[in-house]
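*Asks:* Can you keep this structure in mind? I'll have questions shortly.
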Ligand code: SF4
Ligand code: SF4
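Numbering (full-length UniProt numbering), first residue to last: 1 to 267.
So this is what it looks like as structure tokens:
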């Protein structure tokens, strides 16, 4: 038995998100980037982790939780929803709003600080923890990573994939994702879905929003999307982003078919 609970981790993550100066952008009139994170847990031995190694899912390079942390028992996954201000700013068609680009760049710095904070929070309780996204073994080769935060979030019960390959959570798809692997046994969150894309209504709204036409009825062409993001980066370095497929669409901030959130953060 450990003193670590999912609720305790969620409370710690929310306190950190609320108080961290990295979650506020002074030069954009004190823009707050993220609201309270949604948090879920997966059993580190869930058979779906082995499935991620298949070529048509993520690929053989995807590591099992035990390959990151010997004795891993649970994987904590979280979704950081962008605030209404960030989302609303990006609803115009065309180039990403400044608020969104800060959300991608400074937002990922905040996400890394949250990963780091949670690792230390768990270690302080006497358990071991690793954040793959911060680990020196983390790699992305040919745009394929050895730890996919979105797929891990799916396994943990946070949401399902969309036509544009975002994850649609109870708080929508506009946000960032992170995870921590721990050697504490934490009750897994029940996945309230079976299909990989059952939260997506296939309404097609995201197809019409995509500047380089990377999305069609069959899905997203990752190369077209990535090339477009590279062009934005070349012009606005170090910031970049697009996210038009995640804003001004029915899945921006909720599950389209289910209007009442099935996961409460009690805030
Ligand atoms: S806009 Fe419609 S089709 Fe596109 S991901 Fe959201 S729900 Fe699916
Ligand atoms: S992020 Fe932008 S370029 Fe990429 S699929 Fe979404 S709308 Fe298209």
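We put the beta carbon where it would ideally sit given N, CA and C, even for glycine. Just so it is clear, the structure is predicted and the values come from calculations on it, not from any experiment.
So which of 87, 32, 152 and 7 has the shortest CA-CA distance to residue 65?
*Replies:* Among 87, 32, 152 and 7, the Cα nearest to that of residue 65 belongs to 152.
*Asks:* Please return the same chain residues whose Cβ sits closer than 7 angstroms to the Cβ of residue 210, not counting the five positions on each side in sequence.
*Replies:* 244 and 245.
*Asks:* Indicate, with yes or no, if ligand 1 has a heavy atom lying under 7 angstroms from the CB of residue 242.
*Replies:* Flag unset: Cβ of residue 242 not near ligand 1.
*Asks:* Does the count of Cβ pairs from the region 64-78 and the region 36-56 closer than 8 angstroms reach three?
*Replies:* Short answer: they touch.
*Asks:* Less than 8 angstroms between the beta carbons of residue 241 and residue 96, yes or no?
*Replies:* Against a cut-off of 8 angstroms, the Cβ pair of residue 96 and residue 241 comes out as a contact.
*Asks:* So what does residue 80 bridge to, in DSSP terms?
*Replies:* In the DSSP output, where bridge partners are listed per residue, residue 80 has 176.
*Asks:* Have a look at 138, 119 and 140 and flag the residue whose alpha-carbon is nearest the alpha-carbon of residue 286.
*Replies:* No statement about residue 286 is possible, as the shown extent of the chain runs from 1 to 267 and does not include it.
*Asks:* Using CA coordinates, which residue listed in 182, 229 and 206 is at the minimum distance from residue 174?
*Replies:* Among 182, 229 and 206, the Cα nearest to that of residue 174 is on 206.
*Asks:* In or out: residue 47 buried (at least 16 other Cβ within 10 Å) or exposed?
*Replies:* The residue is exposed, with fewer than 16 neighbouring Cβ atoms inside 10 Å.
*Asks:* Under 7 angstroms from any heavy atom of ligand 2, does the C-beta of residue 250 make it?
*Replies:* No - ligand 2 has no heavy atom lying nearer than 7 angstroms to the Cβ of residue 250.
*Asks:* At which residue ranges does the region 131-209 contain complete alpha helix (DSSP H) runs of 4 or more residues, listed in the order of the chain?
*Replies:* For the region 131-209, whole alpha helix (DSSP H) runs of length 4 or above, ordered along the chain, are 149-155 and 205-209.
*Asks:* State yes or no: is the C-beta of residue 177 within less than 8 angstroms of the C-beta of residue 106?
*Replies:* Not closer than 8 angstroms, so no.
*Asks:* Would you check whether ligand 2 has a heavy atom nearer than 7 angstroms to the C-beta of residue 164?
*Replies:* True, at least one ligand heavy atom lies under 7 angstroms from that Cβ.
*Asks:* Go ahead and label residue 156 buried or exposed: buried means 16 or more other beta carbons lie within 10 angstroms of its beta carbon, across all protein chains shown.
*Replies:* That one is buried.
*Asks:* Taking all protein chains shown into account, do 16 or more other C-beta atoms lie within 10 angstroms of the C-beta of residue 203, making it buried, or fewer, making it exposed?
*Replies:* Result: exposed.
*Asks:* DSSP three-state label for residue 274, please.
*Replies:* Because the chain is modelled from 1 through 267, residue 274 falls outside the range shown and cannot be assessed.
*Asks:* To which residues of the same chain is residue 132 closer than 6 angstroms at the C-beta, ignoring the five residues directly before and after it?
*Replies:* Closer than 6 angstroms at Cβ, skipping near neighbours: 68, 138 and 147.
*Asks:* The beta strand (DSSP E) that contains residue 43, what's its start and end?
*Replies:* Element bounds for residue 43: 38-43.
*Asks:* Only counting the same chain, and skipping five residues up and downstream in sequence, which positions put a Cβ closer than 6 angstroms to that of residue 212?
*Replies:* The residues are 224 and 228.
*Asks:* For residue 190, collect the residues of the same chain with a Cβ closer than 7 angstroms to its Cβ; drop the 5 residues on either side in sequence, then sort them by chain order.
*Replies:* 157.
*Asks:* Taking the alpha helix (DSSP H) that residue 115 falls in, what are its first and last residues?
*Replies:* That run of the alpha helix (DSSP H) goes 98-123.
*Asks:* Put residue 25 into one of helix, strand or coil per three-state DSSP.
*Replies:* Strand.
*Asks:* Would you mind working out which of 226, 135 and 186 sits nearest residue 127, comparing C-alpha positions?
*Replies:* Nearest C-alpha to residue 127: 186.
*Asks:* Is residue 256 helix, strand or coil by DSSP?
*Replies:* Looking at residue 256 - three-state DSSP - the assignment turns out to be coil, as it is neither helix nor strand.
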